[in-house]
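Just below is one structure, and these are the notes that go with it.
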Amino acid sequence: MDPASHGLRESATFDRATIHAIQRAAETGIYDIRGWGAKRKLPHFDDLVFLGASMSRYPLEGYRERCDTDVLLGTRHAKHPLHLSTPVTIAGMSFGALSAQAKEALGRGASEVGTSTTTGDGGMTPEERGHSKHLVYQYLPSRYGMNPDDLRAADAIEVVLGQGAKPGGGGMLLGQKITERVAGMRTLPVGIDQRSACRHPDWTGPDDLAIKILELREITDWEKPVYVKVGATRTYYDVKLAVHAGADVVVLDGMQGGTAATQDVFIEHVGIPTLAALPQAVRALQELGVHREVQLIVSGGIRGGADLAKAMALGADAVAIGTAALIALGDNHPRYDAEYRELGSAAGYFDDYQDGRDPAGITTQDEHLASRLDPVEGGRRLANFLRVMTMEAQTLARACGKAHLLHLEPEDLVALTIESAAMARIPLAGTGWIPGEGL
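Numbering-wise (the working numbering), the sequence shown opens with residue 648 and increments by one.
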């Protein structure tokens, strides 16, 4: 029966997904946990378009004129800033959430194109360090696996204060993914659910953060850049405080950013979109007179070269990808559709990262499943994707007459909706109007 043909209408407030969520909660008495990021439709980079050069601007010839892509991260205080060939980095994803093969593949792919990858919670694996030319070590509230030797072995340190999918909340790693190796690295019991802390145990504010950053610099002889990562909420103030605390680089993660496991209510109802947060971060850096001196890395729903170019036009120095990197490795691939369906999902929909039953061998600790991912082949696929992202961004930059991705600017963009124009602080297409400006 077609319900519409019988005059039946679905409620916009209590649609079938909402009814299902209520019924599941009533039956189980527990909240829903999942991975991935926000699924609701949010203003995003698709709502912006570039103004390519024609008469008033002079484009660059794509096959004859250079458009550089390199970026320096950590120039403010570090003796050894990271010099990356492309401004696309790999975001922090833990060993535990991901298999050892996946972590190795991320390192291989990033190194092949001259960019960095990031450890995530739970410490540094030999596979990841051994195959990563540039490795950023995440310093998280849990301190799982943290030791000074790994800090010194890293190429940069990222102090994590928040994550876009769950700002104000801690992460989860369910017991089925806590194997003997994961438990040993985190000093946890095998097979027992683990919940990471939502805040660092040894500070309560930005003054304490400044002390901690100084300690990290002293441990590493001032060699390593120190990043501060924040989830997108009160972005303007958080970025200013991170700068005052001494950060070399600020990492801003919007609510489209993924996670291995957290409450669904967090993912969908906490934080603000990447598009809304980015201009606030840039304004904070500009007002402090440190834009480009303190580099800005933006993450949260970055999917391709167009997103990269638009983020840089709005003032970012680089972007970080997580979910897109996993998809490049082979996550949600149609070849595993039958097995995804056995799990109650389907290729393109799978987000139960917390269960550890990923047929692609990426978000699992099951040795049989993990063995399906060839780190060499996975690294090659990721490197291909990173190259395509970079070339796409170069194509757009050349069309705007820019010889470096960092030369892109807000004047190269217009918005297609009032909401995106207001958030990005760029004109609505066909007008000179920036909603809210002057109010």
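By construction, the Cβ of each residue, glycine as well, lies at the ideal position given by its N, Cα and C atoms.
Please read these numbers as outputs of a predicted model, since none were measured by experiment.
Among the options, which has the Cα closest to the Cα of residue i?
i	options	result
L782	L932, A956, G817 and M740	M740
D1059	S1067, G1048, E1066 and A1069	G1048
G761	L729, F742 and E751	L729
L1168	A685, D964 and Q823	Nothing about residue 1168 can be reported from this structure: the residues present for the chain run from 648 to 1086 only.
W869	L689, D694, R723 and G811	R723
L1087	S1067, R842, L835 and V886	Residue numbering for the chain in the displayed model covers 648 to 1086; residue 1087 lies beyond these limits and cannot be assessed.
A1071	L821, P848 and F692	F692
A747	P1057, E774 and L863	E774
D978	L745, S758 and V1061	L745
M832	T1078, G770, W1080 and D717	G770
L808	R755, G995, S701 and I860	I860
G815	D1005, F913, I968 and A972	F913
K750	E759, T772, S763 and L655	T772
C714	Q1012, T1042 and P1082	T1042
G792	R828, E712, H778 and S758	R828
F661	Q670, H653 and G654	Q670
A844	P706, A664, S789 and A685	S789
V718	V1061, A1062 and S763	S763
V941	G893, A971 and V966	G893
I974	W683, G777, L1016 and H847	W683
Is the beta carbon of residue i sitting closer than 8 Å to the one on residue j?
i	j	result
T765	A738	yes
G818	A908	yes
D900	G962	no
Q910	L689	no
I866	L798	yes
A928	T880	no
T1064	D694	yes
I944	V898	yes
L955	P795	no
D984	R681	no
T921	G905	no
M1036	G969	no
V917	L720	no
E915	R687	yes
A1007	H1051	no
L1033	G709	no
F697	A1046	yes
P872	A931	no
L976	L1029	yes
G878	L820	no
G852	D840	no
P1074	V1061	yes
What span of residues does the alpha helix (DSSP H) with residue i cover, start to end?
i	result
K750	A747 to E759
K622	Coverage of the chain is limited to positions 648 through 1086, which leaves residue 622 absent and any answer about it impossible.
F697	From DSSP, F697 is part of no alpha helix (DSSP H) but of the beta strand (DSSP E) over L695 to F697.
H891	T882 to A892
For residue i, which of helix, strand or coil comes out of DSSP?
i	result
M819	strand
Q1001	helix
I666	helix
Q810	coil
I944	strand
S763	strand
K686	coil
I860	helix
F661	coil
L719	strand
L1016	helix
R1045	helix
E708	coil
G739	strand
R974	Note that residue 974 corresponds to Ile in the displayed sequence, not to Arg. Helix at I974.
R681	strand
A1062	strand
I866	helix
E1056	coil
R1072	coil
I804	strand
H938	strand
R842	strand
H653	helix
Start and end of the beta strand (DSSP E) containing residue i?
i	result
E774	It is not in any beta strand (DSSP E) - E774 instead sits in the alpha helix (DSSP H) that spans P773 to G777.
D900	V896 to D900
Q933	Q933 -> not in any beta strand (DSSP E); alpha helix (DSSP H) instead, spanning T921 to E934.
K876	V873 to G878
Y786	H781 to Y786
A967	A965 to I968
Q910	T906 to Q910
L613	There is no way to answer for residue 613, as the model of the chain reaches only from 648 to 1086.
L729	L729 to L731
Could you tell me if the beta carbon of residue i falls within a distance shorter than 7 Å of some heavy atom in the ligand GDP?
i	result
S741	The ligand GDP is absent from the structure shown, which contains no ligands of any kind.
Mind checking if residue i is an interface residue toward chain B, Cβ cutoff 8 Å exclusive?
i	result
D715	Looking for chain B here will not work: only one protein chain is present.
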